[in-house]
Amino acid sequence: MTDTTGVQADDVTFTAGVRETTEGPVYTVSGQDWDSLTAEIVGNERVVVNMGPQHPSTHGVLRLILELDGETVTEARAGVGYLHTGIEKNMEYRTWTQGVTFCTRMDYLSPFYNETAYVLGVEKLLGISDQVPERASVIRVLLMELNRISSHLVAIATGGMEIGALTVMTIGFREREVLLHLFEDLTGLRMNHAFVRPGGVAQDLPPDGLDKVREAVVWLKKHLPEYEAFCNENPIFKRRTVGVGYLDLAGCMALGMTGPVLRATGLPWDLRKTQPYCGYETYDFDVPTRDTMDSYGRFRIRVDEMWQSLRIVEQCVERLEEPGPVMVEDKKIAWPAQLSIGSDGQGNSLDHIRHIMGESMEALIHHFKLVTEGFRVPAGQVYSAVESPRGELGVHVVSDGGTRPYRAHFRDPSFNNLQAVPAMTEGGQVADVIVAVAGIDPVMGGVDR
Amino acid sequence: MSDADQTGAVEESVPQPLPPHATKRGAFGVAGSGDTSGFSGLVRRVANPAVLPAGTPRDLWGGHAPTVDRLSAALAEAGVGDEAIEKVLVDRDELTVFVSRERLLDVVRTLRDDPELRFEMCLGVSGVHYPDEVGRELHAVYPFLSLTHNRRLRVEVTAPDDDPHVPSIVSVYPSNNWHERETWDFFGLVFDGHPALTRIEMPDDWPGHPQRKDYPLGGIPVEYKGATIPPPDERRSYSG
Chain A
92 MTDTTGVQAD
102 DVTFTAGVRE
112 TTEGPVYTVS
122 GQDWDSLTAE
132 IVGNERVVVN
142 MGPQHPSTHG
152 VLRLILELDG
162 ETVTEARAGV
172 GYLHTGIEKN
182 MEYRTWTQGV
192 TFCTRMDYLS
202 PFYNETAYVL
212 GVEKLLGISD
222 QVPERASVIR
232 VLLMELNRIS
242 SHLVAIATGG
252 MEIGALTVMT
262 IGFREREVLL
272 HLFEDLTGLR
282 MNHAFVRPGG
292 VAQDLPPDGL
302 DKVREAVVWL
312 KKHLPEYEAF
322 CNENPIFKRR
332 TVGVGYLDLA
342 GCMALGMTGP
352 VLRATGLPWD
362 LRKTQPYCGY
372 ETYDFDVPTR
382 DTMDSYGRFR
392 IRVDEMWQSL
402 RIVEQCVERL
412 EEPGPVMVED
422 KKIAWPAQLS
432 IGSDGQGNSL
442 DHIRHIMGES
452 MEALIHHFKL
462 VTEGFRVPAG
472 QVYSAVESPR
482 GELGVHVVSD
492 GGTRPYRAHF
502 RDPSFNNLQA
512 VPAMTEGGQV
522 ADVIVAVAGI
532 DPVMGGVDR
Chain B
453 MSDADQTGAV
463 EESVPQPLPP
473 HATKRGAFGV
483 AGSGDTSGFS
493 GLVRRVANPA
503 VLPAGTPRDL
513 WGGHAPTVDR
523 LSAALAEAGV
533 GDEAIEKVLV
543 DRDELTVFVS
553 RERLLDVVRT
563 LRDDPELRFE
573 MCLGVSGVHY
583 PDEVGRELHA
593 VYPFLSLTHN
603 RRLRVEVTAP
613 DDDPHVPSIV
623 SVYPSNNWHE
633 RETWDFFGLV
643 FDGHPALTRI
653 EMPDDWPGHP
663 QRKDYPLGGI
673 PVEYKGATIP
683 PPDERRSYSG
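Here the protein sequences come in this chain order: A and B. Position one of the first sequence corresponds to residue 92 (my numbering), numbered consecutively onward. Position one of the second sequence corresponds to residue 453 (my numbering), numbered consecutively onward.
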């Protein structure tokens with residue numbers, strides 16, 4: 092193996108490394124050394140290029156293996172697994188409540204969806220789905236819809252950055268920052284909230300929570316039109332996205348595509364409408380569709396969905412004016428502590444400590460049992476699904492009657508949808524691969540779990 | 453399936469012993485340290501519907517009955533024998549059809565193609581490992597979705613540990629390509645007929661299949677302020 096990559100300081104020439112393998116010569120190119128390579132590979136009609144896993148345009152650690160004929164992609168394959176952390180396996184060794192802490196980290200751009208999908212499954216296993224308080228469901232919907240906006244903002248921001256629209260990236264992250272601050276105000280954390288718990292949510296909203304939501308809504312209403320103004324009719328944006336990443340309805344069906352990719356074929360399939368959960372049937376909103384079946388249509392759908400999410404958020408704020416419980420009545424399931432920040436800056440609840448230490452033996456027992464042992468879930472299995480920003484996020488949870496999940500499997504939409512990369516990119520240009528992948532909007536944390 | 457048949461099946465199932473793994477010991481299921489409750493000799497039986505030998509009686513199928521009836525009829529029309537459907541389970545208003553692995557491909561093709569079933573999408577496959585259910589240790593669970601009829605259905609197939617083979621349904625549902633690779637990777641279930649059954653999450657040369665119950669979680673003890681906390685799978689647990 093001869094590796095001659097590197098900078099020669101004297102005459103400043105850059106040489107690509109080459110080594111011979113049974114498959115043919117393998118070149119290592121690191122930038123500025125293309126010139127030394129072109130002479131060698133001229134006449135070689137078939138070049139296989141590894142794009143990623145460390146490529147900024149691959150949305151995390153996605154590896155694309157492209158077979159090129161000049162600038163044309165003749166074959167494309169996606170390689171995943173670089174972010175596998177064994178979340179499903181780990182969940183089998185924690186209580187049902189602790190499971191939320193793990194699954195929120197899967198698709199890190201849509202943590203509330205991971206939590207809610209899992210928790211809806213656990214509640215179905217427990218048979219308490221209709222005992223979850225109204226207010227808890229509304230808070231879940233509020234957080235999920237805000238999360239849809241922040242997730243779509245990243246999709247649009249990174250998608251814009253990848254085709255050179257840097258302003259779209261900077262404003263996208265600016266708006267997302269507003270939402271992450273809001274999440275911190277409402278749940279205590281910007282990401283990985285573990286806020287949705289079996290039976291309800293971890294905490295009620297803080298006293299000024301609704302005002303903060305209203306402020307964020309005002310901000311978004313002011314700034315969301317910028318994306319449409321920058322992109323909708325921008326000739327460069329349109330020439331990069333229109334007709335790129337084409338996948339029609341038959342392709343979507345065969346490949347199990349859901350979310351904006353499916354809705355860009357004109358089919359208004361949205362689980363919030365077709366199989367409502369968390370009371371979505373009581374909210375007034377539309378399912379945006381396009382019939383272009385390309386990355387441009389997917390972009391437009393994402394922008395439209397952000398507006399629809401804002402509509403839902405406003406309806407949630409109205410409903411949250413009335414106070415109410417945010418956790419089921421059953422003290423054998425309901426996580427006991429409503430935390431508050433004490434004078435020492437620690438998250439203790441003095442009221443709760445007074446209650447369990449001075450007032451109620453039962454409360455102490457429930458607290459102790461829930462924290463050390465957890466609650467038991469009747470044996471069986473369920474599949475529950477929510478409409479995440481990327482499509483159907485399904486969870487298959489199995490209980491053997493114990494205090495831990497026997498098995499929790501997540502059907503992450505990014506994982507499934509990445510299978511469409513060959514169908515969307517083969518026969519197109521290399522540069523369009525990036526646009527097609529951005530249209531799928533995969534999040535590798537969710538893909539690899 | 454007539455009512456008389458179903459009644460007979462229920463009566464037959466009663467004397468059958470529950471599978472061993474459906475048994476738990478002690479009051480708290482404690483493991484890793486002594487059970488001081490005085491109930492350590494207690495044997496509790498947990499009925500896990502997924503491994504019970506009997507299915508749900510037909511009169512409890514509720515709104516799922518037409519789907520199952522149509523599936524049976526369509527299978528009969530297609531010349532697939534009665535043995536394709538092992539049992540039907542309706543639990544928490546979710547329908548699970550247990551299918552013999554030899555007939556899996558016929559069943560999923562019927563599910564997709566029959567106009568009254570029309571399950572256009574298969575949402576992947578999830579493996580479950582029940583090491584104590586001898587002869588049926590590995591389960592493959594397929595959630596199906598019909599957009600036309602807005603219905604869900606689950607198909608479950610089992611395979612023994614010493615013959616971990618299930619036919620691949622990629623030829624019918626191409627979307628299951630990666631999902632089957634994942635289940636092979638994590639459970640060692642071989643999907644016969646898959647176009648390229650390679651590992652997808654773990655490295656190519658990884659030994660073992662990590663989501664199986666006999667595969668340890670791993671981890672190291674962590675010292676914190678003088679105390680040592682054992683790894684999660686060695687901590688005191690109450691799940692047994």
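By construction, the Cβ of each residue, glycine as well, lies at the ideal position given by its N, Cα and C atoms.
For chain B, find out if any of its Cβ atoms is closer than 8 Å to the Cβ of residue i; answer yes or no.
i      : result
A/G347 : yes
A/R137 : no
A/V489 : yes
A/H500 : yes
A/Q145 : no
A/W360 : yes
A/Q222 : no
A/E562 : One cannot answer for residue 562 of chain A here, as it falls past the ends of chain A, which runs 92 to 540.
A/M535 : no
A/D198 : no
A/G151 : no
A/G530 : no
Is any beta-carbon of chain A found at less than 8 Å from that of residue i?
i      : result
B/I652 : yes
B/G645 : no
B/P673 : no
B/K677 : no
B/E589 : no
B/K476 : yes
B/D666 : no
B/G576 : yes
B/S627 : yes
B/D685 : yes
B/P595 : yes
B/E568 : no
B/P471 : The pLDDT assigned to B/P471 is 46, lower than 50, so where the model puts this residue is not dependable; a value taken from the coordinates is nonetheless given after this. For B/P471, the answer is no, since every Cβ of chain A falls outside 8 Å of its Cβ.
B/Q468 : Low confidence applies to B/Q468: its pLDDT is 46, below 50, so where it sits in the model is not reliable enough to give any reading.
B/A461 : With a pLDDT of only 43 at B/A461, under 50, the local geometry of the prediction cannot be trusted, and the value read off the model is given with reservation. No, because no Cβ of chain A sits closer than 8 Å to the Cβ of B/A461.
Going by DSSP, what residue range makes up the beta strand (DSSP E) through residue i?
i      : result
A/E158 : R154 to D160
A/Y474 : G471 to S479
A/Y83  : In the structure as shown, chain A begins at 92 and stops at 540. Residue 83 of chain A is therefore absent and cannot be evaluated.
A/N141 : V138 to M142
Who are the neighbours of residue i on chain B, taking C-beta pairs under 9 Å?
i      : result
A/V171 : W630, I652 and E653
A/F466 : Residues of chain B passing the Cβ test: none, with the nearest at roughly 10 Å.
Would residue i and residue j qualify as a contact pair, given that the criterion is a beta-carbon distance under 8 Å?
i      : j      : result
A/E59  : A/H243 : An answer regarding residue 59 of chain A cannot be provided, because it is not within the stretch 92 to 540 covered by chain A.
B/T548 : B/E632 : no
B/T600 : B/E634 : no
A/V74  : A/E206 : Residue 74 of chain A lies beyond the residue range present for chain A, which begins at 92 and ends at 540; the question has no answer from this structure.
A/S475 : A/V486 : yes
A/V534 : A/Y199 : yes
A/L157 : A/V462 : no
A/R495 : A/E179 : no
B/L527 : B/D565 : no
A/D375 : A/Q406 : yes
B/G579 : B/F638 : yes
List the residues of chain A that residue i touches, going by C-beta distances under 8 Å, in chain order.
i      : result
B/R544 : K215, L216, G218, G471 and V473
B/P662 : G177 and K180
State the start and end residues of the unbroken alpha helix (DSSP H) segment that holds residue i.
i      : result
A/R498 : No alpha helix (DSSP H) contains A/R498, which is instead part of the beta strand (DSSP E) from R498 to R502.
A/R226 : E225 to E253
A/R168 : Run containing A/R168: none in the alpha helix (DSSP H); it sits in the beta strand (DSSP E), T163 to G170.
A/P550 : Only positions 92 to 540 of chain A appear in the structure, and residue 550 of chain A is not among them; the question remains open.
Determine the chain A residues that contact residue i at a beta-carbon separation under 7 Å, and present them in chain order.
i      : result
B/G490 : Within chain A, no residue comes near B/G490; the closest Cβ sits about 17 Å away, beyond 7 Å.
B/E585 : Near B/E585 there are no residues of chain A at all, since even the closest Cβ is about 11 Å away, more than 7 Å.
B/E538 : The contacting residues do not exist; B/E538 stays about 16 Å from chain A at best.
B/L599 : W360
Tell me whether residue i counts as near the ligand SAH, meaning its Cβ is closer than 7 Å to at least one heavy atom of that ligand.
i      : result
A/E158 : The model depicted lacks the ligand SAH and carries no ligand whatsoever.
Can you pull the chain A neighbours of residue i, defined as C-beta to C-beta under 9 Å?
i      : result
B/L669 : G177, K180, N181, E183 and Y184
Exercise for review: Scan the region 603-619 of chain B for residues whose Cβ lies nearer than 8 Å to a Cβ of chain A and list them as they occur along the chain.
Suggested key: R604 and R606
Point to revise | Members of the region 502-519 of chain A near chain B, C-beta cut-off 7 Å | key: Residues passing the 7 Å Cβ filter: R502, F506, N507 and Q510.
Exercise for review: Below 8 Å between beta carbons is the criterion; list the residues of the region 161-189 of chain A that meet it against any residue of chain B, in chain order.
Suggested key: V171, G172, H175, G177, E179, K180, N181, E183, Y184 and R185
Review point. When Cβ atoms are compared, which residues of the region 271-304 of chain A fall closer than 8 Å to chain B?
Key: none
Review point. Which residues, taken in chain order from the region 316-346 of chain A, show a beta carbon closer than 8 Å to some beta carbon of chain B?
Key: Correct list: M344, A345 and L346.
Check your understanding: Taking Cβ-Cβ distances below 9 Å as the criterion, which residues of the region 361-372 of chain A are in contact with chain B?
Key -> T365 and Q366
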